[in-house]
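Quick note, the sequences are listed as chains A and B, same order. Sequential numbering of the first sequence, starting at 1, is according to the numbering used here. Sequential numbering of the second sequence, starting at 1001, is according to the numbering used here. Even glycine gets a Cβ: it sits at the ideal position worked out from N, Cα and C.
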Amino acid sequence: NAGVTQTPKFQVLKTGQSMTLQCAQDMNHNSMYWYRQDPGMGLRLIYYSASEGTTDKGEVPNGYNVSRLNKREFSLRLESAAPSQTSVYFCASSYLDSYEQYFGPGTRLTVT
Amino acid sequence: KQEVTQIPAALSVPEGENLVLNCSFTDSAIYNLQWFRQDPGKGLTSLLLIQSSQREQTSGRLNASLDKSSGRSTLYIAASQPGDSATYLCAVRPRGAGSYQLTFGKGTKLSVIP
């Protein structure tokens, strides 16, 4: 089991560029999450998906879109990157909402 | 709005010492609380999940306790080792609507000195 995988590991973008962060899990989990982690702010939820085809906004959804392609994959898209989106992005999954969450290794994104 | 606080922000102990990490939360209407470990430049690793109806959970040298009424949880690490050096995060899950939203503390950075 690879668990939760994320690509890419590192990315540098210029302001206004777009990109998609990919996440996949092989644990047959129903729920998937995207977080960002910033110094002094802790982890904050961007978007959540309870199942294929459903998504909900978290605490900081502005500037992001998500797609739950199938049960395994949950992608995060930045349509027009801004320096404020410089952060470390983590994908996580859990069997159901109330179960333990398992995290991927993260994507370190810098927007210049 | 739920707030989660972890004090101290950093802790340095000699190898072999038993230690306690603290987590406090403002709203006691929680479903469960999860403790994580994060190594530098890595993702989070789940250590223990403690349900609101439970008082304790144990895994190896780790023991987590929960006192929901006082809004506190502790993570006890026995016989600390240099390999325990990491940042430890706690997160609470609320009851009811929005229960998918964990609220995280900012973590305690632990250094175990050989």
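Simplified DSSP assignment, three categories, for residue i
i: Asp1084(B); result: helix
i: Pro1114(B); result: coil
i: Gln85(A); result: helix
i: Lys57(A); result: strand
i: Ile1007(B); result: coil
i: Arg36(A); result: strand
i: Asp97(A); result: coil
i: Thr15(A); result: coil
i: Glu1056(B); result: strand
i: Thr112(A); result: coil
i: Pro105(A); result: coil
i: Asn70(A); result: coil
i: Thr1108(B); result: strand
Alpha carbon of residue i to alpha carbon of residue j, nearest angstrom
i: Tyr64(A); j: Pro1114(B); result: 44 Å
i: Glu52(A); j: Leu76(A); result: 14 Å
i: Ala1009(B); j: Arg1072(B); result: 16 Å
i: Thr1005(B); j: Ser1099(B); result: 19 Å
i: Ser31(A); j: Pro1082(B); result: 34 Å
i: Glu79(A); j: Val60(A); result: 15 Å
i: Asp26(A); j: Asn1(A); result: 7 Å
i: Asn1032(B); j: Thr1026(B); result: 14 Å
i: Leu1066(B); j: Ala1091(B); result: 12 Å
i: Val66(A); j: Ser1053(B); result: 34 Å
i: Val1013(B); j: Ile1007(B); result: 15 Å
i: Val4(A); j: Asn1018(B); result: 32 Å
i: Gly1105(B); j: Cys1023(B); result: 8 Å
i: Lys71(A); j: Ser94(A); result: 12 Å
i: Leu1110(B); j: Met41(A); result: 19 Å
i: Leu69(A); j: Asn28(A); result: 14 Å
Contact test: residue i Cβ vs the ligand ZN heavy atom, cutoff 7 Å
i: Ser51(A); result: With respect to small molecules bound, the structure shown includes none, and the ligand ZN cannot be examined in it.
Beta-carbon proximity check, residue i vs residue j, cutoff 8 Å
i: Leu1048(B); j: Gln1057(B); result: yes
i: Ala1078(B); j: Trp1035(B); result: no
i: Val1112(B); j: Glu1015(B); result: yes
i: Ile1050(B); j: Pro1094(B); result: no
Whole-Å CB distance - residue i paired with residue j, under 8 Å assumed
i: Gln101(A); j: Leu1075(B); result: In fact, because the Cβ distance is near 17 Å, the residues do not count as touching under 8 Å.
i: Pro105(A); j: Lys1042(B); result: 6 Å
i: Arg1055(B); j: Ala1086(B); result: With 8 Å as the limit, Arg1055(B) and Ala1086(B) do not qualify as a contact, their Cβ atoms being about 25 Å apart.
i: Phe10(A); j: Ser49(A); result: Not really, about 25 Å apart at Cβ, beyond 8 Å.
i: Tyr35(A); j: Ala92(A); result: 7 Å
i: Leu1089(B); j: Gly1107(B); result: 5 Å
i: Leu21(A); j: Tyr89(A); result: 6 Å
i: Ser87(A); j: Gln37(A); result: 7 Å
i: Leu45(A); j: Leu109(A); result: With 8 Å as the limit, Leu45(A) and Leu109(A) do not qualify as a contact, their Cβ atoms being about 17 Å apart.
_So if I threshold CB-CB distances at 7 Å, which residues from the region 1030 to 1055 of chain B count as touching chain A?_
Tyr1031, Asn1032, Gln1034, Lys1042, Gly1043, Leu1044, Ser1046 and Leu1049
*Residues of the region 1076 to 1110 of chain B whose Cβ lies closer than 9 Å to any Cβ of chain A, in chain order*: Taking 9 Å as the Cβ-Cβ cut-off against chain A, the residues of the region 1076 to 1110 of chain B that qualify are Leu1089, Ala1091, Arg1093, Gly1098, Ser1099, Tyr1100, Gln1101, Leu1102, Thr1103, Phe1104, Gly1105, Lys1106 and Gly1107.
*chain B contacts from the region 85 to 99 of chain A (Cβ-Cβ distance under 7 Å)*: Phe90, Asp97 and Ser98
*Any residues in the region 45 to 74 of chain A with a beta carbon nearer than 8 Å to a beta carbon of chain B? Which ones, in chain order?*
Correct list: Leu45, Tyr48, Ala50, Asp56, Gly58 and Glu59.
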